[in-house]
Amino acid sequence: MDDRKLSDTELLAGLLQRRPEAFRQLVERRKHQVLNICYRFVHNAEDAEDIAQETFVEVYRSIASFRKSSSLQTWIYRIAVTRSLNFIRNQKRLKRGGAVQEISRDAEGAAELPGPAIDDPHQALEQKERRQVLAQALDRLPQNQRIAFILSKYEEISHQDIAGILGTTVASVEALVHRAKTNLQKRLSTYYRGASQKSA
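Add 505 to a position in the sequence shown, counting from 1, and you land on the number used in our numbering.
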């Protein structure tokens, strides 16, 4: 088997020819970021793993439809975002009225977010709660704001690539990220103001 690293052009050509080595290299190059993107939306490691696998299956099956109007990376990330959002919609339909389950699920995801180890149990609990509150605030943003903010601030994807994922302009992405920040600040300040009043 040829272990030589394929260039982007060779990789795409190999994918179009259904070459297993090209697909293997694609998964190796993109699996971590695809998994991270899925996780940021669904807040659950196992679900994110499943969605990431489904994303690459769709890439393999649909590569012939890739039209090069955007980069291959952008196209893959768009599939990952779309599949993540579809998963969330399906979960909401299945759990209609199950608000307690949704909150518990968010808390589980928030607890899995990476962060520094904390020896103080009280501090650890506060950090977990802050992550949960942030996850819930993100989930309540309008869809495009949430997508733009997560991809920009967590995954450090360029605004140009995000514009390709959303099918919009760079200026629109910048506006979405700005509005998302503003909305998050409002939601989080309301929460912390209420928390400080309770502890007073």
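Virtual Cβ for every residue (Gly too), placed ideally from N, Cα, C.
Proximity winner among Arg583, Ala569, Phe592, relative to Asn549 (alpha-carbon distances)
Phe592
Please determine if the region 643-653 and the region 679-688 are in contact, where contact requires at least 3 C-beta pairs separated by less than 8 Å.
yes
Start-to-end residues for the alpha helix (DSSP H) that takes in Lys658
Unbroken run through Lys658: none, as it is neither H nor E.
Nearer than 7 Å: is that true of the beta carbon of Tyr696 relative to any heavy atom of the ligand GTP?
For the ligand GTP, the structure offers nothing, since it holds no ligand at all.
Per-residue DSSP class, three states only, for His537
helix
Go ahead and pull the three-state DSSP assignment for Ser570.
helix
Sub-8 Å separation of Gln650 and Leu671 beta-carbons
no
Delimiting residues of the alpha helix (DSSP H) encompassing Gly519
513-521
Buried or exposed: Gln628, going by 16 or more other Cβ atoms within 10 Å of its Cβ?
exposed
Nearest-angstrom Cα distance between Thr514 and Arg588?
26 Å
Cβ neighbour criterion (16 or more within 10 Å) applied to Val562
exposed
Excluding the 5 residues preceding and the 5 following Gln665 in the sequence, name in chain order all residues of the same chain whose CB lies nearer than 7 Å to its CB.
Val675
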